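K.L.:
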Amino acid sequence: MSNASLYQIRGRTAVITLNQPPVNGLGQALRQSLLTNLQRAIDDDGVDTIVLASSGKVFCGGADITEFATGGALREPDLPQVCNAIEAAPKLVIAAINGLALGGGFELALASDYRIALPTAKLGLPEVNLGLLPGAGGTQRLPRLTGVPLALEMITSGRPYRAAKLRDAGVIDRLHDAETDFVEAAATYAGQLFAESAPKRRCADMAVDTSELADNYFAEYRASIAPRIRGYYAPERCIQAVEAACELPLAEGLQRENALFMQCLDTPQARAQQHLFFAERSVGKVPGIDANSTPVRDIRKVAVIGSGTMGGGIAMNFLNAGIPTIILDLNAEALQRGIGVIRKNYEHTVKKGRLSSEQLDQRMALLQTTTDYADLGDADLVIEAVFENMDIKKKVFRALEQSCKPGAILATNTSTLDVDEIAAVTNRPQDVIGLHFFSPANVMKLLEIVRGDQTADDALLTAVQLAQRIKKVPVVSGVCWGFIGNRATEPYVRESMALLLEGATPAQIDRVHTDFGMPMGLPSVVDLAGIDIVVQTRADRKAHTVDLDPTYCAVPRKLFELERFGQKSGRGLYLYEGRSRHEDPEVLQIAAAAAEEFAIEQRELGDEEILERTIYPIINEGARILEEGIAARSGDIDVVLAYGFGFPLYHGGPMQYADEIGLDRVLAGLNKYREQLRYGETWFKPAPLLEKLATEGKKFRDYRP
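Count the sequence shown with my numbering and you get residues 5 to 709, in order.
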């Protein structure tokens, strides 16, 4: 018999233990083993009650999504069959939830009669994050146990809840405070229930309580979450499934749930969200480095150079992980101001109830400050976060060369500059690496890790594992201007600004981008980041780009000369009064004058052209990044663009979006603008890899360098 689940008798209780580490994924072997052992317990006259438990720290992480992500039919028994069998069992079934119970794991517990949990356990239905809905009864059983409001929130958000919260809501029946002897406590609880003649509690015998719901409750709920679910397919089907639970008996509700699940399964959104799920789990695997045989360096103390917004945010990541951190700033006044900002950030989190005062004090106690490089001698990792200027960064690294111990990793937070050029000023280029945090650094979960030509394997692997330790998603990039993210989005900026020159308005471009799913359109992003920053960041590329195309970023350059820097100056591509934004006819006049200067005839531009001209070049540049080996996989590019630049999750990133709509369509679009536009040959020439894959009928995800 398979040991995917274990069978043990404790008194008159059968304990069926899920035994598929690390997360008890509900693949076919575990599903079959559960059914077999469930029937064994039912057939045993010496068994009165049945406990479902786990051999690991996780109760059950849910279904094995690789089964349905590949599009094949699930092998029986499927998860709904297992859950239905648990509910139909003639003996009491008690779920003993010792850790995470997510998705199908939570559905196993919902199908049980009673649930006992550790207070630290978390339970949730995250399927919506994969473009799906709970497909094994979650949308039907949860509302019957806890009512509609909480069930809807859990199902449409995918957010897990602590066991204590769910006890108050009627899902968890008992909490057990001690982790020791938890299974024994569950077996004892099962015995007590039997002795008290506790009834079976089948959801099939329950109705959803709708007595306190307003007649228009579901319509109002839809309206309340509309902004956050815009563009997604699954949330609406989740709501429809819960509505079915309110209207139908369980058996019919389960059929409706299954039909809605199948609708979600075959959608671009589901494919995109599942693509990102797998891509995020692949980025930490660095081709050419065996994580099992490559030793990593011990990081016990971190130093950050620079106490500004970025430096302070970077430091907070390590303080949050319990790693002692020292911040260096040669300006003592700026240093104290930066520490004050860190404390205020933590105090704000305390006010929100997400951090205790004791935790605030613990994190601040890990923080040291200095104005002297000599105090960095015991740091294992040093990250510079100074102004984005090559000369300044080289100066910092020369100082680090003198003050840091051998073997310390020296990292630059540059977003665009040449990491190899920075490393060359040291005598230890093998220890130099790029760690590009995204702003705000204590919030954004993406971390671009830039591998220099001489970066040692152990330094790179250390950085990857440290990123995971501080709860970042690490993506390894090679050295080039802008690395993966800024390089791939540079054409997005370029074309958006070119469209302004040709007659589009900032508002039109913004609308096209937000309709596509971007959180903000590019003109709004430029004003928020600062037109001065946009222009200055591209200063080192100006000679090259303007030689190719003198109209390059002409409008922002004109605005920069007029000291229209965006939101911070009250004038940019828009006019600002506090938080209010208004269109500015003067910007159109500036663009028209620039167009006349460059002999460009302005015209009315369609939304389709705006979308294609700003999105297709991202894909094209991604193909070059992939072909050059700057990124190891197309999924790496998608993770960077989705998590760092707001590319819509339901499109899965630019490369997945291209795979979905067809590379031949992208290629045709690029060639169209290559022929039509004045500088089309410069900016729209298709990447060789794109041409090759499109001709062969393949996708970016098929490419292996």
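No residue lacks a Cβ here, since even glycine has one placed at the ideal position from N, Cα and C.
The structure presented is a predicted model; accordingly, all values stated were derived computationally and were not measured.
For my contact list, I176 and A121 are in at a C-beta cut-off of 8 Å; report their separation, rounded to the angstrom.
P.N.:
Yes, I176 and A121 are in contact; Cβ-Cβ is about 5 Å, under 8 Å.
K.L.:
Hey, would you say A471 sits closer than 8 Å to I622, going by beta carbons?
P.N.:
No, the pair does not count as a contact, with Cβ atoms beyond the cut-off.
K.L.:
Among the residues of its own chain, which have a CB less than 7 Å from the CB of A378, if the five just before and after it don't count?
P.N.:
These residues qualify, in order along the chain: S407.
K.L.:
Can you tell me where the alpha helix (DSSP H) with P478 in it begins and where it stops?
P.N.:
Run containing P478: none in the alpha helix (DSSP H); it sits in the beta strand (DSSP E), V477 to S481.
K.L.:
Return the first residue and the last residue of the beta strand (DSSP E) that R585 is part of.
P.N.:
First-last of the beta strand (DSSP E) with R585: S584 to E587.
K.L.:
Tell me which residues share the same chain as F322 and place their Cβ nearer than 7 Å to its Cβ, disregarding the 5 neighbours each side in the sequence.
P.N.:
Excluding residues within five positions, the ones whose Cβ falls inside 7 Å are V306, T329 and I474.
K.L.:
Could you spell out the range, first to last residue, of the beta strand (DSSP E) harbouring E388?
P.N.:
Segment L385 to E388, the beta strand (DSSP E) holding E388.
K.L.:
Relative to the C-alpha of E565, which candidate in I594, V550 and Y236 has its C-alpha closest?
P.N.:
Out of I594, V550 and Y236, I594 has the C-alpha closest to the C-alpha of E565.
K.L.:
For Q144, count neighbouring C-beta atoms within 10 Å of its own C-beta (all shown protein chains included) and say buried if the count is 16 or more, exposed if not.
P.N.:
Counting Cβ neighbours within 10 Å, Q144 comes out buried, since at least 16 surround it.
K.L.:
Once DSSP output is grouped into helix, strand and coil, what is the label at Q267?
P.N.:
In the structure shown, Q267 sits in a helix (DSSP, three-state: H, G or I).
K.L.:
Measure the Cβ-Cβ separation of L154 and A173 and say whether it is below 8 Å.
P.N.:
The answer is yes: Cβ separation under 8 Å.
K.L.:
To the nearest angstrom, how far is it from the Cα of I346 to the Cα of E613?
P.N.:
Rounded to whole angstroms, I346 to E613 spans 44 Å at the Cα level.
K.L.:
What are the boundary residues of the alpha helix (DSSP H) that T150 is part of?
P.N.:
Per DSSP, T150 belongs to the alpha helix (DSSP H) from G142 to T150.
K.L.:
Tell me whether I453 is buried or exposed, calling it buried when 16 or more other Cβ atoms sit within 10 Å of its Cβ.
P.N.:
With 16 or more other Cβ atoms within 10 Å, it is buried.
K.L.:
In angstroms with no decimal places, state the Cα-to-Cα distance between K399 and V390.
P.N.:
Roughly 11 Å between the two C-alpha positions.
K.L.:
Specify, as a first and last residue, the run of the beta strand (DSSP E) that V516 falls within.
P.N.:
Careful: V516 lies outside any beta strand (DSSP E), inside the alpha helix (DSSP H) at P510 to F520.
K.L.:
Are the region 627-643 and the region 209-228 touching, with three or more C-beta to C-beta distances below 8 Å?
P.N.:
No contact exists between the region 627-643 and the region 209-228.
K.L.:
Comparing alpha-carbon positions, which option in F186, D462 and F281 lies nearest N296?
P.N.:
The option with the nearest alpha carbon to N296 is D462.
K.L.:
So, is S58 buried or exposed, given that buried needs 16 or more other C-beta atoms within 10 angstroms?
P.N.:
When all chains shown are included, S58 counts as buried.
K.L.:
Please report the distance separating the alpha-carbon of T541 from that of F281.
P.N.:
Roughly 32 Å separates the two Cα atoms.
K.L.:
Output the distance between the C-alpha atoms of T70 and L254, rounded to the nearest integer angstrom.
P.N.:
Approximately 28 Å between the Cα atoms of the pair.
K.L.:
If you pair each beta-carbon of the region 129-147 with each one of the region 246-266, do three or more pairs fall below 8 Å?
P.N.:
Touching, per the Cβ criterion.
K.L.:
Near A189, what residues of its chain come up, given a Cβ to Cβ distance below 6 Å and the 5 sequence neighbours on each side ignored?
P.N.:
Correct list, in chain order: H180.
K.L.:
Using CA atoms only, rank isn't needed, just tell me which of Y556, L134, S286 and L421 is closest to D395.
P.N.:
If we check each option's Cα against that of D395, L421 comes out closest.
K.L.:
Helix, strand or coil: how does DSSP classify E581 here?
P.N.:
E581: strand per DSSP, three-state reduction.
K.L.:
For A295, does the three-state DSSP call read helix, strand or coil?
P.N.:
If DSSP states are grouped into helix, strand and coil, A295 belongs with coil.
K.L.:
Does the contact criterion of 3 or more C-beta pairs under 8 Å hold for the region 480-492 versus the region 570-586?
P.N.:
Cβ pair count under 8 Å is below three, so no.
K.L.:
Run through the region 153-240 for me and flag every whole alpha helix (DSSP H) of 4 or more residues, listed as ranges in chain order.
P.N.:
Taking only runs of at least 4 residues, the alpha helix (DSSP H) segments lying wholly in the region 153-240 are 167-172, 186-199 and 221-233.
K.L.:
Between the alpha carbons of D270 and G257, how many angstroms are there, rounded?
P.N.:
The alpha-carbon atoms of D270 and G257 are separated by roughly 21 Å.
K.L.:
Measuring only the C-alpha atoms, how far is I243 from P231?
P.N.:
The alpha-carbon atoms of I243 and P231 are separated by roughly 15 Å.
K.L.:
Have a look at G108, V152, L504 and P554 and flag the residue whose alpha-carbon is nearest the alpha-carbon of A249.
P.N.:
Of the listed residues, the one whose Cα sits closest to A249 is V152.
K.L.:
Give me the Cα-Cα distance between R367 and K169, rounded to the nearest whole angstrom.
P.N.:
For R367 and K169, the distance between alpha carbons rounds to 27 Å.
K.L.:
Answer with buried or exposed for V447, where buried requires no fewer than 16 other C-beta atoms within 10 angstroms of its C-beta.
P.N.:
The residue in question, V447, is exposed, as its Cβ has fewer than 16 Cβ neighbours within 10 Å.
K.L.:
Pick out whichever of L252, G326 and C557 has its Cα sitting closest to the Cα of I303.
P.N.:
For I303, the nearest C-alpha among the options comes from G326.
K.L.:
Is the region 221-236 touching the region 93-103 in the sense that three or more CB pairs, one from each, lie closer than 8 Å?
P.N.:
They do not touch, by the three-pair rule.
K.L.:
For R178 and T124, what's the separation of their Cα atoms in angstroms?
P.N.:
The alpha-carbon atoms of R178 and T124 are separated by roughly 13 Å.
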